[in-house]
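Q:
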Amino acid sequence: MQPDAEPLLAIRNLSKTFGGVHALDGVDLTVAPGEIHGLLGTNGSGKSTLIKVLAGVHAPDPGARLMLKGREVQLPLHAGDFRKLGLSFVHQNLGLIPALSVLENLRLSAILGGAAIGIDWSAQRRAAAETIARFDLGLDLDRTVEGLSPVDRALLAIARAFEDLKAGGGRGVLLLDEPTPFLPAAGVRKLFALMRSIVADGSSAIFISHDVDEILEITDQVTVLRDGRVAGSRATPGSSRDDIVQLILGRRVEIVAPTQRPDAPAQASRLRLKAVGGGALDRVDLEVAPGEIVGLTGLIGSGYADLADFVFGARRARAGHMDFDGAADIDLARQTPRAAIARGIAFVPADRPRAGGAGRLSVADNMMLPSLDVFFQGGLLHRSRLFERARELGARFDVRPNRPELDFGALSGGNAQKVVIARWLSRSPRLLLLDEPTQGVDVGTRQQIFTALRDEAAKGMSVIVASTDYEQLAAICDRVVIFRRGSIQENLRAPGLTKDAIASACYAETPGTDQGTT
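Printed below as a string of structure tokens:
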């Protein structure tokens with residue numbers, strides 16, 4: 000980082016209004032050459048709007064100024080302007096084309112912007128090989144992206160973004176929008192090493208994340224947005240986690256772990272899984288008691304993420320049975336979501352945009368979708384009653400804005416997750432399955448989700464949480480089950496149920512044999 004040098008990027012008085020609502024209000028942001036700058040804030044704080052202004056998707060309100068590499072840039076930007084200005088983006092979905100090769104994805108911009116007649120594939124291969132070697136990625140240029148691990152896909156996307164910066168004239172600013180949620184700890188370390196190598200030549204990076212620990216580890220400076228305004232900027236070295244969380248929320252939050260119930264495993268099981276196979280799983284047995292919150296975790300590919308899908312019927316298991324609330328030997332190879340819902344099982348998937356809700360339907364429709372039958376009378380749907388119930392649930396779960404008529408797709412990630420959770424909890428399920436329930440969700444919304452789950456568990460609802468967020472699991476679970484190579488390696492309980500203990504168990508080299516429920 001070169002703190003005394005002229006800023007590589009400077010934003011001044013950036014505002015953006017949507018229908019009278021300030022998404023951004025007078026935001027200033029300065030990024031020095033060689034700096035990794037963290038950008039944090041709750042869902043709806045304005046982070047996404049700021050990125051879309053820089054990408055040319057939104058035009059800012061009059062009065063905003065943008066300086067890049069020491070010269071003022073006229074606003075608004077047009078779509079595609081960012082490339083020639085020295086900006087490059089890595090979005091959460093990475094923007095790779097699965098069916099194309101590593102070579103084709105890495106050199107896509109150069110290929111599309113090249114000569115109209117013919118592609119010099121030899122030259123493109125040499126350039127791609129140089130990039131792969133420079134960042135020590137070890138990728139086969141001819142392999143399709145769909146065959147890469149999540150870690151290698153993320154590294155490829157970042158390397159491509161850096162190549163785009165070079166094509167735009169050397170030093171520039173790389174903007175990374177939450178690239179880490181699907182990566183294991185080892186993958187995050189690789190990604191961070193690549194980021195550091197990129198900024199070593201004087202380029203800069205803006206790293207957007209909800210993970211405060213990641214921000215503290217990788218960034219030199221952090222800016223926090225709250226309600227569209229800058230809540231504060233500070234150097235990351237010397238800042239504590241509590242300092243950053245207080246900036247995000249405007250208050251100090253004490254993270255309190257749930258009361259551990261030593262008698263929970265001794266209760267009669269609500270769910271008993273027997274010899275479940277499919278995906279990465281190989282004959283897994285598991286029991287869950289009424290009122291118990293059980294976490295499932297492990298490295299990517301260990302199989303922990305498959306279990307919830309099979310129990311709900313979102314995907315068919317290859318083999319295995321379950322006993323559930325008195326019903327014995329339910330064949331998981333034939334399980335369906337309709338049958339699961341009828342038995343009192345609910346599922347909140349990780350892929351909210353595609354599997355969690357219908358973006359073009361209203362919040363009310365999404366929230367009440369499994370319960371629409373109760374709003375029909377005489378063959379007619381009573382939408383006023385439906386909207387009234389959705390508004391009640393929106394208030395209970397603090398959905399913002401609490402406007403049932405809005406399109407579901409217009410909500411921030413955290414508020415969309417509240418809607419999905421409200422949808423299922425309103426039905427009082429006996430078992431709630433959650434896959435990465437706080438992925439892309441700010442720290443305040445996390446606490447609201449945790450509180451709702453604890454309250455329902457106290458009433459007897461069983462909960463299974465599949466997640467790679469070890470801190471989240473340690474905070475909310477009575478027990479965390481560690482998966483390795485398709486089998487259960489270990490069960491962790493208090494007092495040994497800590498973030499570090501979970502991480503150590505996931506990365507342990509010696510496979511365990513604990514397949515029971517003790």
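The sequence shown begins at 0 in numbering that gives the first Met the number 0 and counts up by one. A virtual CB, placed ideally from N, CA and C, is assigned to each residue, including glycine.
Return the CA-CA distance between Ile-292 and Val-462, expressed in angstroms with no decimal places.
A: Translated into the one-based positions of the sequence shown, residue 292 becomes position 293. Translated into the one-based positions of the sequence shown, residue 462 becomes position 463. For Ile-292 and Val-462, the distance between alpha carbons rounds to 5 Å.
Q: Let me know the beta strand (DSSP E) ranges lying completely inside the stretch 30 to 54, each 3 residues or longer, listed in chain order.
A: List check, beta strand (DSSP E) in window: 35 to 40.
Q: Relative to the C-alpha of Ser-486, which candidate in Leu-496, Leu-175, Gly-297 has its C-alpha closest?
A: Along the sequence shown, read from residue 1 onward, the residue named residue 486 stands at position 487. If we check each option's Cα against that of Ser-486, Gly-297 comes out closest.
Q: Expressed to the nearest angstrom, what Euclidean distance is found between the alpha-carbon atoms of Glu-34 and Pro-178?
A: As a first step, residue 34 is located in the sequence shown; it is residue number 35 there, counting from the start. As a first step, residue 178 is located in the sequence shown; it is residue number 179 there, counting from the start. About 18 Å.
Q: Hey, how far is the Cα of Val-229 from the Cα of Leu-23?
A: Position 230 of the sequence shown, counting from 1, holds the residue named residue 229. Position 24 of the sequence shown, counting from 1, holds the residue named residue 23. Whole-angstrom Cα-Cα distance: 9 Å.
Q: Are the beta-carbon atoms of Pro-403 and Val-347 separated by less than 7 Å?
A: Against the sequence shown, residue 403 aligns to sequence position 404. Against the sequence shown, residue 347 aligns to sequence position 348. No.
Q: What separation, rounded to the nearest whole angstrom, lies between the Cα atoms of Ala-265 and Gly-495?
A: Mapped onto the sequence shown, residue 265 falls at position 266. Mapped onto the sequence shown, residue 495 falls at position 496. Because the pLDDT at Ala-265 is just 48, under 50, the model does not fix this residue reliably, and the point stays unresolved.
Q: In chain order, what residues of the same chain have a beta carbon less than 6 Å from the beta carbon of Gly-19, not counting five sequence neighbours either side?
A: In the sequence shown, counting from the first residue as 1, residue 19 sits at position 20. Excluding residues within five positions, none has a Cβ falling inside 6 Å.
Q: Taking the Cβ atom as the reference point for each residue, do Ser-100 and Asp-151 lie within a distance shorter than 7 Å?
A: Here the question's residue 100 lines up with position 101 in the sequence shown. Here the question's residue 151 lines up with position 152 in the sequence shown. Result no, Cβ atoms of Ser-100 and Asp-151 do not sit closer than 7 Å.
Q: For Arg-260 and Lys-458, I'd like the C-alpha separation in whole angstroms.
A: Translated into the one-based positions of the sequence shown, residue 260 becomes position 261. Translated into the one-based positions of the sequence shown, residue 458 becomes position 459. Residue placement at Arg-260 is flagged as unreliable, the pLDDT there being 39, under the threshold of 50; a coordinate-derived value is accordingly withheld.
Q: Per DSSP, His-21 forms a beta bridge with which residues?
A: In the sequence shown, counting from the first residue as 1, residue 21 sits at position 22. Answer is Thr-16.
Q: Which residue marks the beginning of the beta strand (DSSP E) containing Asp-284, and which one marks its end?
A: On the sequence shown, residue 284 is found 285 positions in, with the first residue counted as 1. Note, Asp-284: beta strand (DSSP E), 280 to 287.
Q: Taking its Cβ as the centre, do 16 or more other Cβ atoms sit within 10 Å of Leu-26, making it buried, or is it exposed?
A: Within the sequence shown, residue 26 is the residue found at index 27, counting from 1. Rather than Leu, the amino acid found at residue 26 in this sequence is Val. That one is buried.
Q: Using the three-state DSSP reduction, which class does Lys-273 fall into: helix, strand or coil?
A: Residue numbering aside, residue 273 sits at position 274 when the sequence shown is read from its first letter. Note: Lys-273 maps to strand in three-state DSSP.
Q: Do you know how far the Cα of Gly-249 is from the Cα of Asp-242?
A: Along the sequence shown, one-based indexing puts residue 242 at 243. Along the sequence shown, one-based indexing puts residue 249 at 250. Their Cα atoms are separated by approximately 10 Å.
Q: By the 10 Å Cβ neighbour count, where 16 or more other Cβ atoms means buried, how is Ser-370 classified, buried or exposed?
A: By one-based count along the sequence shown, residue 370 stands at place 371. Exposed, because fewer than 16 other Cβ atoms sit within 10 Å of the Cβ of Ser-370.
Q: Quick check: what's the CA-CA separation for Leu-105 versus Gln-438?
A: Stepping through the sequence shown from its first residue, residue 105 is reached at position 106. Stepping through the sequence shown from its first residue, residue 438 is reached at position 439. So the two alpha carbons sit approximately 27 Å from each other.
Q: Mapping the DSSP letters down to three states, classify Gln-376 as helix, strand or coil.
A: The sequence position of residue 376 within the sequence shown is 377, counting from 1. Gln-376: strand per DSSP, three-state reduction.
Q: Quick one: what's got a C-beta closer than 7 Å to Ala-349's C-beta in the same chain, skipping five residues either side?
A: Looking up residue 349 in the sequence shown gives position 350. For Ala-349, where only same-chain residues beyond five positions count, the Cβ hits under 7 Å are Asp-434, Glu-435, Gln-438.
Q: Look at Thr-444 and Gly-413 and say whether their C-beta atoms are less than 7 Å apart.
A: Translated into positions along the sequence shown, residue 444 becomes position 445. Translated into positions along the sequence shown, residue 413 becomes position 414. Result yes, Cβ atoms of Thr-444 and Gly-413 sit closer than 7 Å.
Q: Taking all protein chains shown into account, do 16 or more other C-beta atoms lie within 10 angstroms of the C-beta of Ser-14, making it buried, or fewer, making it exposed?
A: Here the question's residue 14 lines up with position 15 in the sequence shown. So Ser-14 counts as buried.
Q: According to the neighbour-count rule (16 or more other Cβ atoms, all chains shown, within 10 Å of its Cβ), is Ala-338 buried or exposed?
A: Taking the first residue of the sequence shown as position 1, residue 338 is located at position 339. It counts as exposed.
Q: Grouping DSSP H, G and I as helix and E and B as strand, with all else coil, what is Ile-463?
A: For the purposes of this step, residue 463 is taken as the residue at position 464 of the sequence shown. Looking at Ile-463 - three-state DSSP - the assignment turns out to be strand.
Q: Measure from the alpha carbon of Gln-91 to the alpha carbon of each residue in Ile-448, Leu-175, Ala-31, Phe-309, then state which is nearest.
A: What you label residue 91 is simply residue 92 of the sequence shown in a count that begins at 1. Cα-wise, what sits closest to Gln-91 is Leu-175.
Q: Given a cut-off of 7 Å, decide if Leu-173 and Ala-204 are closer than it, judged by their beta-carbon atoms.
A: The residue you call residue 204 lines up with position 205 of the sequence shown. The residue you call residue 173 lines up with position 174 of the sequence shown. Going by C-beta atoms, Ala-204 is nearer than 7 Å to Leu-173.
Q: Determine the contact status of Val-440 and Val-418, defining contact as a CB-CB distance below 7 Å.
A: Working through the sequence shown from its first residue, we reach residue 440 at position 441. Working through the sequence shown from its first residue, we reach residue 418 at position 419. Cβ atoms of Val-440 and Val-418: not closer than 7 Å.
Q: Taking the beta strand (DSSP E) that Leu-173 belongs to, which residues open and close that run?
A: Residue mapping note: residue 173 aligns to position 174 of the sequence shown, counting from 1. Element bounds for Leu-173: 172 to 176.
Q: For the stretch 264 to 280 against the stretch 307 to 323, do three or more pairs of beta-carbon atoms, one drawn from each stretch, fall closer than 8 Å, so that the two count as touching?
A: Yes: at least three Cβ pairs fall under 8 Å.
Q: With DSSP as the reference, please indicate the residues paired to Thr-222 in a beta bridge.
A: Here residue 222 corresponds to residue number 223 of the sequence shown, with the count starting at 1. According to DSSP, which records beta bridges pairwise, Thr-222 is partnered with Leu-38, Ser-232.
Q: Please report the distance separating the alpha-carbon of Leu-65 from that of Leu-8.
A: The count along the sequence shown starts at 1 and reaches residue 65 at position 66. The count along the sequence shown starts at 1 and reaches residue 8 at position 9. About 7 Å.
Q: Can you give me the C-alpha to C-alpha distance between Asp-364 and Thr-335, rounded to a whole angstrom?
A: Residue mapping note: residue 364 aligns to position 365 of the sequence shown, counting from 1. Residue mapping note: residue 335 aligns to position 336 of the sequence shown, counting from 1. For Asp-364 and Thr-335, the distance between alpha carbons rounds to 22 Å.
Q: Mind checking Asp-468: buried by the 16 CB within 10 Å criterion, or exposed?
A: Counting from one through the sequence shown, the residue named residue 468 turns up at place 469. Counting Cβ neighbours within 10 Å, Asp-468 comes out buried, since at least 16 surround it.
Q: Assuming Val-223 contacts Ile-207 under a Cβ cut-off of 8 Å, what Cβ separation, rounded to an integer in Å, is found between them?
A: Residue mapping note: residue 223 aligns to position 224 of the sequence shown, counting from 1. Residue mapping note: residue 207 aligns to position 208 of the sequence shown, counting from 1. The Cβ separation is near 12 Å, so there is no contact.
Q: So, helix, strand or coil for Glu-489, using DSSP?
A: Looking up residue 489 in the sequence shown gives position 490. In the structure shown, Glu-489 sits in a strand (DSSP, three-state: E or B).
Q: For a test of the three-state rule: what should DSSP assign to Glu-71, helix, strand or coil?
A: Counted from its first residue, the sequence shown places residue 71 at position 72. In the structure shown, Glu-71 sits in a strand (DSSP, three-state: E or B).
Q: In whole angstroms, give me the CA-to-CA distance for Val-211 and Met-194.
A: Locating residue 211 in the sequence shown gives position 212, counting from the first residue. Locating residue 194 in the sequence shown gives position 195, counting from the first residue. When rounded, the distance between both Cα atoms is 17 Å.
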